Amino acid sequence: MKIATWNVNSLRKRSEAVAAFIESERPDVLCLQETKVSDPDFPAGLFRECAMQVVWHGQKSYNGVAIATSSDLADVERSLPEMNEEGQARLIAATVDGVRIVCAYVPNGGDPVKYKYKLAWLDHFAVFLARQRQRFGRVVAAGDYNVAPADADVYDIEHWGRNSVAVRPPERQAWQRLLAAGYEDAQAQVGAPPQFTWWDYRNSAFASNRGLRIDHLLLAGVACAGLQVARDVRGAPEPSDHAPVVCQLAAAGD
DNA sequence: ATGGCATAATTGTTATGA
1246 MKIATWNVNS
1256 LRKRSEAVAA
1266 FIESERPDVL
1276 CLQETKVSDP
1286 DFPAGLFREC
1296 AMQVVWHGQK
1306 SYNGVAIATS
1316 SDLADVERSL
1326 PEMNEEGQAR
1336 LIAATVDGVR
1346 IVCAYVPNGG
1356 DPVKYKYKLA
1366 WLDHFAVFLA
1376 RQRQRFGRVV
1386 AAGDYNVAPA
1396 DADVYDIEHW
1406 GRNSVAVRPP
1416 ERQAWQRLLA
1426 AGYEDAQAQV
1436 GAPPQFTWWD
1446 YRNSAFASNR
1456 GLRIDHLLLA
1466 GVACAGLQVA
1476 RDVRGAPEPS
1486 DHAPVVCQLA
1496 AAGD
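In the working numbering, the protein residues as written are 1246 to 1499.
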């Protein structure tokens, strides 16, 4: 099974890019974040034309997540339990071919006022992931985590700033608690050098490869056989500021 | 220290992102 995750920064703005990515990469599962579209306006036809089923959980203007698959979707869940009072659409989960797929858009928390919400969200997410693993056994939790787990996941930690978003100790500790819920970073499984997944729109950050690795796939009960960042997608005209990450799962029993 | 750029909401300007 090939699983891709991509923060598209507006699904409607990126509809042609999404169709082109599906056409070229042919993922079995595609997790999308920052769809930025309310549920009645969700462009489901885009996925029908690609022969994919899709489920979504969105809101007006901000956030929004979706899971598309060329197979069948079952047992769909929306929202993180106990974090729904904020009304932020950041989580959707579904089962595809016996693998539980979790698609998450973790709060950015760049604003100090919102940082507490990010940390609270991550703590609830750790509990959610532990329960998903207990219930389903085989889980892939993909998405934009807004955490660069190590300094190697940052182009230049001193230039970015050790007190800047995505690298502060509390959010890195929260990331460790996600692993402690019984998950392994697909990146760690393949052992290759980490690749950035996000580059600022400003100051030619992509051209000079000043990026962060903040989009991840956490695995429980399954193994990653190959992991790639689709950098060409970030280099295309009018791109999202994130590139897709593509994970090939090892066949069951491997 | 701030802004750079992009997007959605609107249609001049603000909220948000990482």
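For glycine and all other residues, C-beta sits at the position ideal for the given N, C-alpha and C.
Owing to the predicted nature of the structure, the values given are computational and were not obtained by experimental measurement.
Note on geometry: alpha-carbon atoms of F1373 and S1315 lie some 26 Å from one another. Spatial neighbours of L1424 in its own chain (CB-CB distance under 6 Å, excluding positions within 5 residues in sequence) are not present. The C-beta of N1454 has fewer than 16 other C-beta atoms within 10 Å across all chains shown, which makes the residue exposed. Note: D1273 is not bridge-paired with any residue in the DSSP secondary-structure output. The three-state reading of DSSP puts R1455 in coil, since its state is none of H, G, I, E or B.
Shown here, Q1418 sits in a helix according to DSSP, grouped into three states.
Per DSSP, the unbroken beta strand (DSSP E) holding E1322 starts and ends at A1319 to R1323. Cβ-Cβ distances below 7 Å link A1393 to V1399, A1411, V1412, L1457, R1458 and I1459 in the same chain, with the five nearest sequence neighbours on each side left out; the list follows chain order. Secondary-structure assignment with DSSP links V1399 through a beta bridge to L1457.
With a cutoff of 7 Å on beta-carbon distance, L1291 and S1269 are scored as not near each other. Counting only runs of 4+ residues, the alpha helix (DSSP H) found wholly inside the segment 1336-1389 occupies 1357-1381, in chain order.
No residue range can be given for G1303, since it is assigned to no alpha helix (DSSP H) and is classified by DSSP as neither H nor E. A straight line joining the alpha-carbon of S1409 with that of A1349 spans about 22 Å. Within its own chain, the residues whose Cβ lies closer than 6 Å to the Cβ of A1465, once the five positions on either side in sequence are excluded, are R1378, V1384, G1427 and Y1428, listed in chain order. With respect to V1344, L1318 sits apart: the two C-beta atoms are not nearer than 7 Å. Ranked by Cα distance from A1470, the first of L1462, P1357 and D1477 is L1462. Counting along the chain, the unbroken beta strand (DSSP E) around L1472 starts and ends at C1469 to V1474. In the three-state reduction of the DSSP assignment, A1431 falls in the helix class, which pools H, G and I.
The three-state secondary structure of V1478, taken from DSSP, is helix. Counting every other CB atom within 10 Å of its CB across the protein chains shown gives S1485 a total of 16 or more, marking it as buried.
Counting along the chain, the unbroken beta strand (DSSP E) around L1494 starts and ends at V1490 to L1494. Taken through DSSP and simplified to helix, strand or coil, L1256 comes out as coil.
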